[in-house]
Structures are given as structure tokens and as C-alpha cells.
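Under UniProt numbering, the final residue of the sequence shown carries the number 455; numbering is consecutive throughout.
Cβ atoms here follow ideal geometry from the backbone N, Cα and C, with glycine treated the same way.
Since the structure comes first, as C-alpha cells, the remarks are kept for the end.
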Amino acid sequence: MAVLTSYDAGSYHKVVGSDTIQATAVGSVDALAISDLPQVIAQAKTAQKIWASLTLSERQQYVVKAYQALAEVQDELAVLIGQEMGKDYRRATYEVGGTIQNAPYFAGEIGDALAAEDLGNNTQLQYRPLGIVAVISPWNYPIAMANNLLLPALIAGNSVILKPSEQTPLVAQLFVDTLNKVLPAHVLQVAQGDKALGQALVIADINMVAFTGSMAAGKHIMANAAPGLKRLVMELGGNDPMIVMASANIDAAVRFAVASSFENAGQMCTSTERIYVDERIADEFEQKVVQLASRYQVGKWDQAQVNIGPMVNPTQHQKVLQQLQDAKAKGAQFLLGSDDYPLPFIQPTVVSGLTPDMLLEREETFGPVVAISRFNDINDAITRANDSIYGLSAAVFGGQGANAVAEQLEAGMVGVNQGGGAGNAPWVGAKQSGFGFHGTAAGHRQFAQVRVMSY
Ligand code: NAD
């Protein structure tokens, strides 16, 4: 049986005097061979029939109880998140704790959304299970992202095969094993493996792919799902803009700019990636950004005071460096930090003079970088903010007129004097940042087949 080894994100280093990269293993899991996938699917099919025969309320109760069981391994999960992807202990604890605490509320909301509706004339609108849902998830919020799609998929009466990121297999294994102490056998299974296993799962005999990850993988999945017309929910990447108007509360804008660029070491789908600031306030804005950014502490997950962890792996580290080096070559100024950091960390970095030809402006940057450009005409700022194939979230900071600017931004979630996206609202991307979404009744119903039943 092949194994998938997991490495401590904070331990990657180059061996002195050579190009060899080494890291400490945290542990390993059994990888699922593609040839064994049909057996997993057969088990999921059988289990789904029994699961779907339970009432909505019985499924809700099972799921709520299964999430309660997670409390026993909450700390273990948080530590594994810290080790496998580098998030500091406080944030990892918050991710796991939030998932556990919110499960009963969301289970209730999902149950309400999926209850049959009476349309009159002896006709009902029903929300029926789709069958088998493949949930394919990323490493940056390994519990929260899987959970967002698992909950509605399960309560809707589907069986689920979770294909977690190959970067965070141990977190996923403990998560699923614990839920499965309560859930009936094979209603939820984990398929451990890399991208090739994900591809095999998408083309296998399943009914829906609920995916969170990169735009490139999303496009590939969409193409592979097309022959079977499989249902899709695609939560993809972002390149989120922020516009700071001259009328903005500068301190509030600075706090958001830095926090949102550095959260999760910048490895967040809705992190602020490009900041367009009115040139009349740009000097003060930049100076305060540098002051605040300099206070961030970089280090491993278990070091006190750390709020920026390592990049998840050498490939991601290298990608961020390439974008910084490209920006430098094209004339950007480094107000804090540099374009060259040893593994595994990227120090807090503030770059000004961002221009549209830089990779930093065009691509998603998954690192702790504040990237700033100045404008003298708000229409130019809006044009540049919208000049992206992505459209996940966007923010505008300003006084009068900020709402009108926000109305013109092409994103699924837009915030005025705050980030885009609200607690109970759908998590939704526009343009190539998404296709389908989760959250609220409209989101939950995407995990079900609508059926009109006339008696
Ligand atoms: P990724 O796309 O490389 O991998 C995500 C998952 O998909 C992994 O499990 C991977 O093994 C699998 N996979 C990759 N290619 C596949 C393919 N062709 N077919 C089937 N499965 C495939 O993404 P990542 O590096 O793990 O995560 C970071 C990305 O996720 C960023 O772009 C980030 O913005 C995005 N993200 C989006 C959201 C959102 O809600 N919109 C949330 C978190 C992360």
C-alpha cells in the first residue's frame, strides 16, 4: 500500500552548500490507489441509499452528534494544522473550534432550506439527494473549507467522498475518522492522494463535485465533469482589490490593508492583493502601513506571539519570491522587506509602485505582501480593480461616494469600510473566482436535486 507522507511546513530548509531541500516528516497516511476507487464508490452508493432513507431531521441529528465528537480531538486537530500547513496555534484553534461550535446552527439552517415546500394544487417542491458528492478541498483552511461543503452535502442525503489536499492529510484523516465514530459506515469516506486521485474521482461514477481550490484546477475539473453533466460548486481563487479614497479613515484603512494582506500568512482566498490609494493621502497611508506591518512576528506555529507562519511548501515560497522579483525588475519599491528570503518564511513585505504589468498585480499572491499603487482619478482605480479575470471579494474605504464606487466593483462579495463577505451570507465568487456557492438557503440547495412532485 502506498503512503502519503506529510511534512512540517516550518521545517523546510536548504541543506547548507547544496540545492537539496529537506523537511521533517510529521506522519503519514495510507494513500488510496486509483485502482481501489471503484470499491470506495460502490460502498458510497450502498451507504447513500440507506442514508437517504432516513428523514431530514434524523440526518441532521446524526451530523450534529458527529460534530460534537470532534470536541475530543479539537486540540490534536489544531496542532496538526500548525504542523502540516504552518498556521499559528491560536488561529488553528479558532478554525477548529469555530467549525465545531457552528455545526448545530448550520445543520438547522440546512435542514430548513431542504424541507419540502407546498406549492398548492397538490404540488410539492422537494429537495432530493443527488447521490455521491466528491468534496475536493485545499490546505489553507483544511478543516473549515472541507466542512463548508460537507455539511450541506451530508444533510441533503448524499454520501460524501472527501479528497483532502495532499499537504494536509493527517488533519483530514483525524477529522473524518472522528466524524465516522458516529456516522453510519461509508456515508463519509476519505480518499487520500494527490491531484491524480482528484482527477480520477471527478471522472468516476459520482454525481457532484464540490471543489475549493485554485482556478486552474477548477477549470480542469469543470471540463472533466462535463461528459457526465455532474453538478458543480466551484470556490476558486481571488486577486482581491482594495480602493482607498481620499475621504477614508486612514487608520481604519491601514489596519484592514495590513491584516487582510497578512492573514494566514497571506494564504487566504480573500486576502487583499492590490491596493489603489488616492495620491493625496498615499504618503501617510504607506508610512502607517509600514509601521504596522513591521510589528508582525514571523515564526513556527508553536512560538508565542507569532502571527505569520511559514509558506506551506517550497513551491509556494518560490512562487511568492518570483512575483516579488518580477515587481522589483519592473520598478517597484520595497518599503519593507525584500525579494529574497530563505525557506520557509516570507517576512512581512510592503511594496509600492505596483503597475498593471507586474505578476503581483495580475496573479493571486499567496504570501504576506501588501502591494500598493497610487491613483489621481477614481475611475482609473475602479478600472484597474476590475481588470482581472478573478472576482472573489473587493473593498472600498472612503466617506461620501464610497457606496457608489463599491457598486461598480466586479466581485461576488464587496465591503465598504470592511472586507467583502459576511457571516451568514453566501460565500460567492464572480467571474473566474467561482461557479456555484455555499451558504444560505440558496447555497444549501445546490447540494440537492430539485423535484416537483404533483400528487
Ligand atoms: P489546488 O487547486 O492546487 O488544490 C486543491 C485540491 O484539488 C487538492 O486537494 C488537490 O489535490 C486537488 N486537485 C488539484 N488539481 C486537481 C484536478 N485537476 N482535478 C481534481 N483535483 C485536483 O489548490 P490549493 O493550493 O490546495 O489551495 C489554494 C487555492 O485555493 C488558492 O487559489 C485559493 O484562493 C483557493 N481557495 C479558494 C477558496 C474559496 O472559498 N473561494 C477558499 C480557500 C482556498
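Nearest neighbour of residue i, chosen from the options [CA to CA]
{"i": "isoleucine 243", "options": "Ala66, Asn307, Gly434, Ala406", "result": "Ala406"}
{"i": "alanine 204", "options": "Ala430, Ile281, Val40, Gln60", "result": "Val40"}
{"i": "valine 79", "options": "Ala69, Val64, Gln68, Gly97", "result": "Gly97"}
{"i": "aspartate 177", "options": "Gln126, Glu166, Ile161", "result": "Ile161"}
{"i": "lysine 45", "options": "Pro138, Thr99, Arg274, Asn207", "result": "Asn207"}
{"i": "valine 312", "options": "Ala107, Trp51, Tyr105, Pro142", "result": "Pro142"}
{"i": "asparagine 424", "options": "Leu360, Phe435, His444", "result": "His444"}
{"i": "isoleucine 34", "options": "Gly193, Gln124, Tyr89, Ile81", "result": "Gly193"}
{"i": "proline 426", "options": "Phe435, Asn417, Thr440", "result": "Thr440"}
{"i": "asparagine 158", "options": "Leu335, Asn121, Val63", "result": "Val63"}
{"i": "asparagine 386", "options": "Glu361, Asp118, Gly213, Val171", "result": "Glu361"}
{"i": "proline 129", "options": "Val416, Gly120, Ala153, Ile308", "result": "Ala153"}
{"i": "glycine 367", "options": "Tyr390, Gly309, Asn122", "result": "Gly309"}
{"i": "threonine 20", "options": "Ser271, Ala66, Leu343, Thr168", "result": "Leu343"}
{"i": "glutamate 84", "options": "Leu335, Tyr12, Glu72, Lys65", "result": "Tyr12"}
{"i": "asparagine 379", "options": "Tyr276, Phe435, Val298", "result": "Tyr276"}
{"i": "glycine 108", "options": "Asp118, Val3, Gly86, Ala156", "result": "Ala156"}
{"i": "threonine 270", "options": "Tyr455, Lys14, Asn140", "result": "Asn140"}
{"i": "glycine 391", "options": "Val15, Lys195, Glu235", "result": "Glu235"}
{"i": "valine 73", "options": "Ser294, Gly415, Leu114, Ala172", "result": "Ala172"}
{"i": "phenylalanine 256", "options": "Lys288, Leu174, Ala411", "result": "Lys288"}
{"i": "methionine 268", "options": "Gln60, Pro138, Leu70", "result": "Pro138"}
{"i": "arginine 91", "options": "Ala304, Lys49, Asn122, Val290", "result": "Ala304"}
{"i": "asparagine 102", "options": "Lys65, Ser260, Gly86, Lys219", "result": "Lys65"}
{"i": "proline 356", "options": "Gln446, Val15, Arg374", "result": "Arg374"}
Proximity of residue i and residue j at Cβ, strictly below 9 Å
{"i": "glutamine 325", "j": "valine 351", "result": "no"}
{"i": "lysine 163", "j": "valine 135", "result": "yes"}
{"i": "aspartate 278", "j": "asparagine 376", "result": "yes"}
{"i": "leucine 232", "j": "valine 258", "result": "no"}
{"i": "alanine 296", "j": "histidine 317", "result": "The question names alanine, but residue 296 in the sequence shown is tyrosine. Result no, Cβ atoms of tyrosine 296 and histidine 317 do not sit closer than 9 Å."}
{"i": "arginine 451", "j": "proline 241", "result": "no"}
{"i": "methionine 358", "j": "lysine 319", "result": "no"}
{"i": "alanine 371", "j": "arginine 274", "result": "yes"}
{"i": "serine 165", "j": "glutamate 364", "result": "no"}
{"i": "tyrosine 105", "j": "leucine 114", "result": "no"}
{"i": "glycine 419", "j": "alanine 395", "result": "yes"}
{"i": "serine 294", "j": "leucine 336", "result": "yes"}
Other residues of its chain near residue i: CB distance less than 8 Å, five sequence neighbours each side excluded
{"i": "threonine 5", "result": "Ala25, Gly27, Ser28"}
{"i": "alanine 144", "result": "Glu95, Gly98, Thr99"}
{"i": "serine 57", "result": "Gly111"}
{"i": "leucine 150", "result": "Val135, Val160, Leu162, Leu188"}
Residue i CB to nearest heavy atom of ligand 2 below 8 Å
{"i": "leucine 188", "result": "For the structure depicted, ligand 2 is absent and the ligand set comprises only ligand 1."}
Beta-carbon proximity list for residue i, same chain, < 6 Å, skipping 5 on both sides
{"i": "isoleucine 221", "result": "Val202, Val209, Phe211"}
{"i": "serine 247", "result": "Gly398, Gly399"}
{"i": "lysine 300", "result": "Gly10"}
{"i": "aspartate 75", "result": "none"}
{"i": "glutamine 68", "result": "none"}
{"i": "glutamine 43", "result": "His186"}
{"i": "methionine 413", "result": "Ser393, Gly420, Gly421"}
Same chain, Cβ closer than 7 Å to residue i, five either side skipped, listed in chain order
{"i": "alanine 200", "result": "Ile34, Leu37"}
{"i": "aspartate 339", "result": "Leu321, Leu324, Gln325, Lys328"}
{"i": "phenylalanine 285", "result": "Val244, Ile250, Ala253, Val254, Val277"}
{"i": "serine 388", "result": "Asn239"}
{"i": "alanine 52", "result": "Pro129, Gly157"}
{"i": "valine 416", "result": "Val396, Ala402, Asn403, Ala406"}
{"i": "glutamate 410", "result": "Asn386, Gly391, Ala430, Lys431"}
Query raised in the report: Which ranges does the alpha helix (DSSP H) cover as unbroken runs of at least 4 residues, wholly within the stretch 47-104, from first to last along the chain?
Result: 56-69, 74-85
Report task. Tell me the start and end of each unbroken alpha helix (DSSP H) in the stretch 301-340 that is at least 4 residues and wholly inside, in chain order. Result -> 314-329
Report task. Write down every uninterrupted run of the beta strand (DSSP E) in the stretch 138-212 whose length is 3 residues or greater and which is fully enclosed by it, in chain order. Result -> 159-163, 188-190, 208-212
Query - Every unbroken beta strand (DSSP E) within the stretch 330-397, with a cutoff of 3 residues, ordered by chain - result: 333-336, 349-352, 369-375, 393-397
Report task. At 4 residues or longer, and completely inside the stretch 219-282: list those alpha helix (DSSP H) runs for me, N to C. Result -> 250-262
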